[in-house]
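In the numbering used here, the protein residues as written are 211 to 598.
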């Protein structure tokens with residue numbers, strides 16, 4: 211909670227003047243109402259202003275030896291710690307040009323000598339009141355910014371957890387483990403970062419969009435939730451009819467995300483990318499993929515990136531019913547798919563990144579416990595299908 215400015219708290223006023231009598235005069239005038247600090251030179255004034263207990267306001271003489279008031283004011287305004295301390299010039303200089311120069315340097319007011327005590331008191335009181343309100347508003351703004359930042363972090367965390375939970379739910383229903391989600395996320399991110407300056411992709415692969423790709427990638431197979439167990443869990447090859455049903459997971463995924471977005475009532479950027487990935491990651495560069503048989507640049511960039519990531523991971527990863535193939539063989543298959551299955555430039559990027567892909571695969575490798583847990587699930591699910 212931010213408290214309103216406390217008008218009862220004594221403010222500190224720094225008086226800067228090279229004449230002892232002037233310092234004595236100003237101290238006597240202000241000491242009943244404020245904490246008064248005195249400096250007889252510009253150098254001493256700067257030291258006090260830069261200290262851990264800076265003044266709330268500075269009354270600054272202009273005509274001083276070595277460093278005049280103008281230079282002191284200029285230096286105060288160049289430092290973050292002192293730039294917001296209000297400065298009132300006290301000087302015998304009364305020409306318009308002198309006042310103009312003072313205001314241009316950042317002074318808030320200008321009082322000519324010989325001083326009028328009531329005017330000095332009134333000006334000091336006014337500017338300290340304004341300073342208190344400025345500080346209050348600045349602190350309140352910082353407080354609100356922190357609150358917004360914290361709430362944003364919480365929302366993003368909830369969003370990330372929800373995405374991973376949804377994606378993990380989909381993965382539990384087939385032979386993939388949850389690590390497949392993490393691996394493909396990082397493959398896509400690595401490819402996107404590699405291609406972010408490529409002339410064909412730079413317009414899309416901004417830092418913001420790469421972050422959205424990373425968030426959206428886990429939802430690429432969310433549509434598998436809608437595929438019957440008798441097909442999804444089948445250990446052998448699909449027949450033609452089963453394959454057609456299996457292909458619908460792309461449409462089911464896109465439609466599920468679209469339905470969620472419609473229910474939300476607003477358009478969400480990362481869900482747009484998620485829909486592209488879910489619907490288009492089985493398309494092929496030569497047009498032989500599904501669901502629409504798109505080709506070339508008609509396939510969204512996000513879906514083309516996911517295609518490389520998904521196929522590589524399917525090739526090298528262990529499954530309950532098969533061992534993963536060696537990295538080198540998987541790389542050769544990706545190369546053979548250049549210009550037919552995959553965007554040629556993305557294959558080139560993949561080849562440059564293959565050691566990074568290997569490292570990601572190792573980092574999120576499936577353990578024996580992961581595979582055994584998945585095998586137990588599949589055995590139970592298949593047994594249930596047989597019983598039915």
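Beta carbons: idealized from backbone N, C-alpha and C, even for Gly.
Listed as beta-bridge partners of residue 224 by DSSP are 247, 268. Relative to the Cα of residue 272, the nearest Cα in the group 341, 320, 505 belongs to 320.
Taking a contact as a CB-CB distance under 8 angstroms, the pair residue 430 and residue 491 counts as one, their CB atoms being some 5 angstroms apart. The count of Cβ pairs closer than 8 angstroms, one atom from the stretch 331 to 339 and one from the stretch 300 to 310, stays below three, leaving the stretches out of contact. Unbroken beta strand (DSSP E) runs of no fewer than 3 residues, entirely contained in the stretch 540 to 587, are not found. In the DSSP assignment, residue 300 is bridged to 271, 321. Within the same chain, and ignoring the five residues on either side of residue 455 in sequence, the residues whose Cβ sits closer than 6 angstroms to its Cβ are 441.
Taking C-beta atoms as the reference points, residue 258 and residue 220 fail to come closer than 8 angstroms.
Under the three-state reduction of DSSP, residue 528 is assigned to coil, being neither helix nor strand. Rounded to the nearest whole angstrom, the CA to CA distance from residue 294 to residue 235 is 26 angstroms.
Residue burial is scored here from C-beta neighbours: residue 520 has at least 16 other C-beta atoms within 10 angstroms and is therefore classed as buried. Between residue 566 and residue 402, the CB-CB gap reaches or exceeds 8 angstroms.
When the beta-carbon positions are compared, residue 297 and residue 286 come within less than 8 angstroms of each other. Classified as buried, residue 511 has 16 or more neighbouring CB atoms from the shown chains inside 10 Å of its CB.
Scanning its chain for C-beta atoms nearer than 8 angstroms, with the 5 sequence neighbours on each side dropped, one finds around residue 337 the residues 267, 296, 298, 318, 319, in chain order. Under the Cβ criterion (8 angstroms, minimum of three pairs), the stretch 530 to 549 does not count as touching the stretch 348 to 361.
Between residue 361 and residue 574, the CB-CB gap reaches or exceeds 8 angstroms. For residue 492, there is no enclosing alpha helix (DSSP H), as DSSP marks it with neither H nor E.
Secondary structure note for residue 312: its alpha helix (DSSP H) is the uninterrupted segment 306 to 314. With 16 or more other CB atoms across the displayed protein chains lying within 10 angstroms of its CB, residue 223 is buried.
The shortest C-alpha to C-alpha distance from residue 580 to any of 389, 325, 243, 265 is the one to 389. Just so you know, the alpha carbons of residue 364 and residue 425 end up roughly 15 angstroms apart.
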